[in-house]
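Quick note, the sequences are listed as chains A and B, same order. The first sequence begins at 1 in the numbering used here and counts up one residue at a time. The second sequence begins at 1001 in the numbering used here and counts up one residue at a time. We put the beta carbon where it would ideally sit given N, CA and C, even for glycine.
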Amino acid sequence: MPMGKTTDQRLLLLHEFDNVRVATSRLHAGEHIVIDGASALLVADVPIGHKLARWDIEANDKIVKYGAPIGVATTRIEVGSHVHVHNVRSDYTPTYHLEDVRIRSGGAS
Amino acid sequence: MRGYLRADGRKGIRNTIVVVYLVECAHHVAREIVTSFRDRDVHVIGFPGCYPNSYAETMLERLCTHPNVGAVLLVSLGCESFNKYKLAQTVRDSGRPVQTIVIQGSGGTRKSITEGQAFVAMQRARLDAMETVEMGNHELIVGTVCGGSDGTSGITGNPAAGRAFDLLVDDGAACIFEETGELIGCEHIMADRALTPELGAILEASVAKAARYYAALGYGSFAAGNAEGGLTTIEEKSMGAYAKSGAAPISGLIKPGDIPPRGGLYLLDVVPDGEVRWGFPNINDNAEIAELIACGSHAVLFVTGRGSVVGSAISPVVKICANPETYRRMGDDMDVDAGRIMEGKATLDQVGREIRDLVVALGQGQRTRSEELGHQEFILTYKSFEPIGPACLPAA
Chain A
1 MPMGKTTDQR LLLLHEFDNV RVATSRLHAG EHIVIDGASA LLVADVPIGH KLARWDIEAN
61 DKIVKYGAPI GVATTRIEVG SHVHVHNVRS DYTPTYHLED VRIRSGGAS
Chain B
1001 MRGYLRADGR KGIRNTIVVV YLVECAHHVA REIVTSFRDR DVHVIGFPGC YPNSYAETML
1061 ERLCTHPNVG AVLLVSLGCE SFNKYKLAQT VRDSGRPVQT IVIQGSGGTR KSITEGQAFV
1121 AMQRARLDAM ETVEMGNHEL IVGTVCGGSD GTSGITGNPA AGRAFDLLVD DGAACIFEET
1181 GELIGCEHIM ADRALTPELG AILEASVAKA ARYYAALGYG SFAAGNAEGG LTTIEEKSMG
1241 AYAKSGAAPI SGLIKPGDIP PRGGLYLLDV VPDGEVRWGF PNINDNAEIA ELIACGSHAV
1301 LFVTGRGSVV GSAISPVVKI CANPETYRRM GDDMDVDAGR IMEGKATLDQ VGREIRDLVV
1361 ALGQGQRTRS EELGHQEFIL TYKSFEPIGP ACLPAA
């Protein structure tokens, strides 16, 4: 595991078992970030409190946050990618969300 | 702290008059009576339904005899099924003044409002002259709820509220956390904290019940704004919500209207028993807050990430803002800036102490932001519960 590898200080690790980090402030589209030693280009804004993959996550892998499973990857998620409702599903009940195109283009909070 | 001593020995940190509509048809009259006493601790609560419901009757009995309440005015249209006689008797038995206005008997809207205003004016003068007594932290009951949660809630506000709970439990207070539908995925770690294995099994069963209930309804306890704020699944939201409970052992499971028998940490089971009948367990945050207050909560800690503005009738709501961006936008509505934790400007322990100190200050005359802004939200809908068994309160 890439513990100890360099990471952007704005990316919070909540538990050593986690395969995601949490943005502690808004990250902007076009930024290059470093996460657990890997480099990634952000294709869209990542609002505060959202998650990024610490390494490549395969489809059907558990997403782990707080050291606990919080859902399953529905597709392959590359390191540094936004981990959210478009690539994760609940093991319990489907997540209801409103699609706002401004999120992907970075305009919504 | 200074408290208002009630005949049953409990003490309140507020001395509020509640005006209670017993069916929606009496809501306007109740609201008009209260409007003329704006900012003078006169609140509207009530039940909109015309059909009888024992849960709603229990809720209003507990709320009308809450230690923060000093006098009660019931407003009935006259033909609704709510048992106004039993509610009035319960309030009388508690030693509080109570009057029932029946709109159909009083001669309509205008006469009922005038009659109600006279009662409230008289009681307000009496309550304003009431002496307070010394009150200790061990006499407090404090609830916690989260609403408008986002990806910051489980990192800052909720665990900070949990630290405040740990301090309050150490002081001997009773602390109540809730929303079993937002503990899905946490049931096993939670059960390990129960005082007895039997209680642990009951805690697990309450979450299983919630999961079944929500599955039947097709939606989890999860709003669109939760996803916009970075929460991806109900189990992720649950892990964050669970942090509000702190680290104390869990002393019991209670249901709406059950008052914790002693200090300690309690889980409030808010999901109805039996078949799915009444729709969503709690249709919004205020339904949960009303239940925490019906369990005797003197104050409620409300953690929000997206930015809720609500308060409540009867008990002050302390708004803990988890998200630093939200705090910068909506600081006027917030009592605690827990987003400082996210920015490395404060620790969980510091904010936890700040929350505990603020709760104590509420018992020394301080008002919350939502109180100052006039928020007095209240909602009560149909539900049904079986009574809890002795294994739910092993230390009682």
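query	result
Interfacial residues, the segment 1312-1329 of chain B to chain A, with Cβ spacing under 8 Å	N1323, P1324 and E1325
Residue closest to N1137 of chain B, alpha-carbon to alpha-carbon, out of B:S1081, B:R1262 and B:C1025	B:R1262
Contact residues within the segment 62-92 of chain A, judged by C-beta distance below 8 Å to chain B	I63, K65, Y66, A68, P69, I70, G71, V83, H84, V85, V88, R89, S90, D91 and Y92
For V34 of chain A, the three-state DSSP class (helix, strand or coil)	strand
Within-9 Å CB hit, I1234 of chain B to chain A	yes
Simplified DSSP state of I1033 of chain B, which is helix, strand or coil	helix
As assigned by DSSP and simplified to three states, the class of G107 of chain A	Because G107 of chain A carries a pLDDT of 43, less than 50, the predicted location of this residue cannot be relied on, and the following value inherits that uncertainty. Reduced to three states, the DSSP call for G107 of chain A is coil.
9 Å Cβ cutoff, A23 of chain A in contact with chain B	yes
Residue interval of the alpha helix (DSSP H) (run including F1280 of chain B)	Counting along the chain, F1280 of chain B falls outside any alpha helix (DSSP H), and DSSP gives it neither H nor E.
Chain B contact for L27 of chain A (CB, 9 Å cutoff)	no
Option nearest F1119 of chain B by Cα separation, candidates B:G1070, B:T1232 and B:D1166	B:G1070
Burial state of A1224 of chain B, where buried means 16 or more other Cβ atoms lie within 10 Å	exposed
DSSP three-state assignment for Q1089 of chain B, whether helix, strand or coil	helix
Test: D1218 of chain B CB closer than 9 Å to a CB of chain A	Reading the sequence as shown, one finds Gly at residue 1218 of chain B and not Asp. Interface residue, yes.
Sequence-distant residues of its chain with Cβ nearer than 8 Å to I48 of chain A (five each side left out)	A23, T24, S25 and R26
Buried or exposed (CB count within 10 angstroms, at least 16 for buried), M1130 of chain B	exposed
Proximity of T1196 of chain B and A1391 of chain B at Cβ, strictly below 9 Å	yes
Cross-chain neighbours of G1229 of chain B in chain A, by beta carbon under 7 Å	G49
Chain-ordered chain A contacts of Y1214 of chain B [CB-CB under 7 Å]	T93
Cβ neighbours of N1286 of chain B in the same chain (closer than 7 Å, five flanking residues each side left out)	V1310, S1312, E1377, F1378 and I1379
Helix, strand or coil at A1007 of chain B according to DSSP, with G and I counted as helix	coil
Spatially closest choice to I57 of chain A from A:Y66, A:V46 and A:G71, by CA coordinates	A:G71
Alpha helix (DSSP H) segment containing A1216 of chain B, residue limits	P1197 to L1217
The alpha helix (DSSP H) enclosing A1327 of chain B, as first and last residue numbers	According to the sequence provided, residue 1327 of chain B is Tyr. The question's Ala does not apply to it. Note, Y1327 of chain B: alpha helix (DSSP H), P1324 to M1330.
Test: L13 of chain A CB closer than 9 Å to a CB of chain B	no
Residue-level contact to chain B via CB, L98 of chain A, 9 Å cutoff	yes
Amino acids of chain A, ordered along the chain, whose beta-carbon sits closer than 7 Å to that of T1152 of chain B	I48 and G49
C1146 of chain B at chain A interface by Cβ criterion, 9 Å	no
Spatial distance of S1308 of chain B from S90 of chain A (CA atoms)	25 Å
Interface partners of A1299 of chain B on chain A, CB under 9 Å	In chain order: nothing, as chain A lies at least about 27 Å away.
Assigned secondary structure, C1295 of chain B (DSSP; H/G/I helix, E/B strand, else coil)	coil
Cβ-based neighbour list, R1010 of chain B, same chain, cut-off 8 Å, excluding 5 preceding and 5 following	P1067, E1139 and G1296
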